[in-house]
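Visitor: Quick one: the structure is below, and I'll ask about it shortly.
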Amino acid sequence: MTQSMVGKLESFFIRGLSDREACLLANINPDTLYTYCKEHPEFSERKELLKERVKTRAKLNISNAIEDGDIDISKWYLERRDKDFKIKQSVEHEGAIQFENPFAGLTTDELRKLVDNE
Numbered sequence: 001m002t003q004s005m006v007g008k009l010e011s012f013f014i015r016g017l018s019d020r021e022a023c024l025l026a027n028i029n030p031d032t033l034y035t036y037c038k039e040h041p042e043f044s045e046r047k048e049l050l051k052e053r054v055k056t057r058a059k060l061n062i063s064n065a066i067e068d069g070d071i072d073i074s075k076w077y078l079e080r081r082d083k084d085f086k087i088k089q090s091v092e093h094e095g096a097i098q099f100e101n102p103f104a105g106l107t108t109d110e111l112r113k114l115v116d117n118e
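Read in the UniProt record's numbering, the sequence shown has 42 at position 42, and its numbers run on one by one without any break.
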């Protein structure tokens, strides 16, 4: 694999694309990437770090918005990250639950035969 191809793949990984997506856009077979990763373990590690960059940037964006006083983002963050602020749902059920056991009238021997498929 050429350095140009490695650079192209890295540009896709830095945007958070999966191995398959990056290979599709780079027009290479995923097996080529996996072979290269086996031969160059340092690249394999770098690839995984690059994939984390999008998530890291998103966290920084959220943090910056909170630092800038964005109330909506602050609420959104707390609803997802702090159990005291999570949106709670309650479900109430009225009425009886009707259930009929289809095996209620069977003896133990009959049940065993059913289990043993006889």
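No residue lacks a Cβ here, since even glycine has one placed at the ideal position from N, Cα and C. All figures in this text were calculated on a predicted structure; none of them were measured in a lab.
(1) With a CB to CB cut of under 8 Å and the five nearest residues on each side skipped, what residues in its chain are close to K55?
(2) Given A26, which residues of its chain have a CB within under 6 Å of its CB, disregarding the five upstream and five downstream residues?
(3) Going by C-alpha distance, which of Y77, R53, V115, D82 is nearest I62?
(4) Rounded to whole angstroms, how far is the Cβ of S74 from the Cβ of I87, which I believe are closer than 8 Å?
(5) Whole angstroms is fine: what's the gap from S90's alpha carbon to P102's?
(6) Suppose the cutoff is 6 Å on Cβ atoms and the five residues either side in sequence are ignored; what does the same chain contact list for F85 look like?
(7) Which residues in the same chain have their Cβ closer than 6 Å to the Cβ of K47, if we skip the five residues on either side of it in sequence?
Guide: So, from the data block:
(1) G16
(2) K8, L9
(3) Y77
(4) Between I87 and S74 the Cβ distance is about 15 Å, and since that is not below 8 Å, they are no contact.
(5) 32 Å
(6) L78, E79
(7) F13
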